[in-house]
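Step one of this worksheet: look at the structure below.
Chains as they are written, first to last, in the working numbering: chain G, 42 to 244; chain F, 42 to 244.
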């Protein structure tokens with residue numbers, strides 16, 4: 042099946058949205074935890090977390106256009122300059138998906154969806170207790186993507202928490218053992234099965 | 042195991058690199074195909090392809106700092122303004138990984154690694170015949186990420202090719218059936234198993 046540009050443009054809006062959201066392949070299922078200065082918590086699922094560099098350790102994620110929907114996560118990050126990224130465990134995919142519902146700002150998705158907050162060191166944002174891999178992030182920069190009104194939120198890793206046995210001596214993290222979930226599109230959740238690790242490739 | 046900022050800074054360089062590259066969770070395994078004006082082909086594996094928006098249909102990917110290593114993929118994209126994104130099928134993960142080796146510009150990774158070129162419509166970049174999901178992209182913009190010298194390459198979808206049975210009537214793409222692979226870090230490849238698709242979430 043070949044989908045040309047004009048077929049794409051004339052396609053049913055929802056079908057188009059779902060195809061474009063799943064065409065890139067598997068995406069990581071992460072919950073981003075934040076709080077505002079009043080201490081109200083927010084937890085939201087994101088599938089756009091991307092590695093930007095290792096030294097400094099920078100990760101990015103994409104937010105939808107501001108104005109389109111209330112963006113509690115982004116507002117809180119701007120206010121406190123920190124946030125947590127937590128891998129969704131496969132036995133909590135339904136609860137994680139539920140965080141995408143539009144709750145009023147005064148309600149915490151932690152409580153509404155059945156996750157427990159966890160605080161680590163002096164870090165000023167809530168982690169997800171049930172996540173097997175947790176990352177504490179400090180905001181570095183927000184880059185507007187003018188072409189479609191989205192933003193690339195760039196942060197630096199300040200803290201990581203995961204079980205020692207999930208990391209090999211080389212530093213490989215076993216995502217199958219961590220029970221981390223993947224996402225396709227906006228609605229479909231995947232389990233990961235490790236096939237093989239290859240050495241550094243040479244011609 | 043808690044890894045603080047100072048522990049991260051003092052860690053063995055390779056172990057640090059591997060941890061930071063795999064901490065975000067699963068990443069999509071994609072081969073990016075390009076050619077220069079002389080018709081020399083290039084094929085390279087990327088794990089940073091990210092959905093930016095559906096209307097217009099924009100995808101991004103991150104390139105490493107220019108100057109650090111030769112960047113045939115980026116040079117070709119700048120030259121021709123088009124490229125292809127092809128899902129790596131799980132039975133070709135070793136060949137796909139091999140495209141990360143530093144071949145001289147004159148050699149095509151298609152030939153060197155055992156992939157066949159395919160041309161679709163009048164699109165001016167080679168697709169990977171063995172990929173079950175193929176996307177034709179037109180360069181929209183290259184955004185420098187000043188903080189670490191990487192770049193976000195933004196492109197618009199012009200063409201998609203995949204088997205009709207991989208797409209549900211709602212537009213969900215079944216990545217397990219497509220045999221699309223995932224990547225953790227720089228070296229580890231995963232198979233995907235679809236667990237569940239949930240409806241749009243409401244409070």
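All residues carry an ideal CB built from backbone N, CA and C; glycine is no exception.
Chain F residues whose Cβ lies nearer than 7 Å to that of residue i
i: residue 124 of chain G; result: The premise fails here: residue 124 of chain G is roughly 14 Å from chain F at the closest Cβ pair, so nothing lies under 7 Å.
i: residue 51 of chain G; result: The contacting residues do not exist; residue 51 of chain G stays about 13 Å from chain F at best.
i: residue 204 of chain G; result: 42
i: residue 221 of chain G; result: 66 and 67
i: residue 118 of chain G; result: Residues of chain F passing the Cβ test: none, with the nearest at roughly 16 Å.
i: residue 155 of chain G; result: The contacting residues do not exist; residue 155 of chain G stays about 13 Å from chain F at best.
Closer than 9 Å at the beta carbon, the chain F residues around residue i
i: residue 133 of chain G; result: Near residue 133 of chain G there are no residues of chain F at all, since even the closest Cβ is about 11 Å away, more than 9 Å.
Simplified DSSP assignment, three categories, for residue i
i: residue 52 of chain G; result: coil
i: residue 201 of chain F; result: strand
i: residue 42 of chain F; result: coil
i: residue 79 of chain F; result: coil
i: residue 189 of chain G; result: coil
i: residue 125 of chain F; result: strand
i: residue 194 of chain G; result: strand
i: residue 171 of chain G; result: coil
i: residue 165 of chain G; result: coil
i: residue 89 of chain G; result: coil
i: residue 134 of chain G; result: helix
i: residue 71 of chain F; result: strand
i: residue 107 of chain F; result: strand
i: residue 236 of chain G; result: strand
i: residue 149 of chain G; result: coil
i: residue 120 of chain F; result: helix
i: residue 159 of chain G; result: strand
i: residue 211 of chain G; result: coil
i: residue 176 of chain F; result: strand
Neighbour list for residue i in chain G, Cβ cutoff strictly below 7 Å
i: residue 232 of chain F; result: 234 and 236
i: residue 229 of chain F; result: 213, 235 and 238
i: residue 141 of chain F; result: 242
i: residue 89 of chain F; result: 91 and 92
Pick from the options that is closest to residue i, judged by C-alpha positions
i: residue 118 of chain G; options: G/91, G/179 and G/140; result: G/179
i: residue 88 of chain G; options: G/115, G/126, G/239 and G/60; result: G/126
i: residue 213 of chain G; options: F/68, F/120 and F/56; result: F/56
i: residue 164 of chain G; options: G/239, G/84 and G/176; result: G/176
i: residue 239 of chain G; options: F/138, F/102, F/156 and F/185; result: F/138
i: residue 153 of chain G; options: G/140, G/64 and G/92; result: G/140
i: residue 174 of chain F; options: G/61, G/191, G/78 and G/156; result: G/61
i: residue 86 of chain F; options: F/80, F/63 and F/136; result: F/136
i: residue 100 of chain F; options: F/73, F/82 and F/84; result: F/73
i: residue 112 of chain G; options: G/170, G/222 and G/142; result: G/142
i: residue 64 of chain F; options: G/93, G/160 and G/184; result: G/93
Partners in chain G for residue i, counting only beta-carbon separations shorter than 8 Å
i: residue 178 of chain F; result: Simply none; closest approach about 11 Å.
CB contact check: residue i to chain B, cutoff 7 Å
i: residue 163 of chain F; result: Although the question refers to chain B, the structure presented lacks it and instead comprises the protein chains G and F.
Chain F contact residues for residue i, given Cβ-Cβ distances below 8 Å
i: residue 174 of chain G; result: 64 and 66
Chain-ordered neighbours of residue i on chain G, where CB pairs are closer than 9 Å
i: residue 136 of chain F; result: Simply none; closest approach about 10 Å.
i: residue 144 of chain F; result: 244
Would you call the segment 127-138 of chain F and the segment 223-234 of chain G touching, i.e. three or more CB-CB distances under 8 Å? No, the segment 127-138 of chain F is not in contact with the segment 223-234 of chain G.
Contact list for the segment 92-114 of chain F against chain G, Cβ threshold 7 Å: 92, 93, 94, 95, 97, 98, 99, 100 and 103
Quick one: which residues of the segment 55-86 of chain G get their C-beta closer than 8 Å to a C-beta of chain F? List them in chain order. 55, 56, 57, 58, 59, 60, 61, 62, 63, 64, 65, 66, 67, 68, 69, 70 and 71
Positions along the segment 180-199 of chain F whose CB lies within less than 9 Å of some CB in chain G: For the segment 180-199 of chain F, which is checked against every Cβ of chain G, the residues closer than 9 Å are 181, 182, 184, 186, 187, 188, 189, 190, 191, 193, 195, 197, 198 and 199.
Would you call the segment 43-54 of chain F and the segment 196-207 of chain G in contact, with 3 or more CB pairs under 8 Å? With the cut-off at 8 Å, the segment 43-54 of chain F and the segment 196-207 of chain G touch.
Taking contact to mean 3 or more Cβ pairs, one atom from each stretch, closer than 8 Å, check whether the segment 96-109 of chain G and the segment 148-165 of chain G are in contact. Counting C-beta pairs with one atom in each stretch, the segment 96-109 of chain G and the segment 148-165 of chain G have fewer than three that are closer than 8 Å, which means they do not touch.
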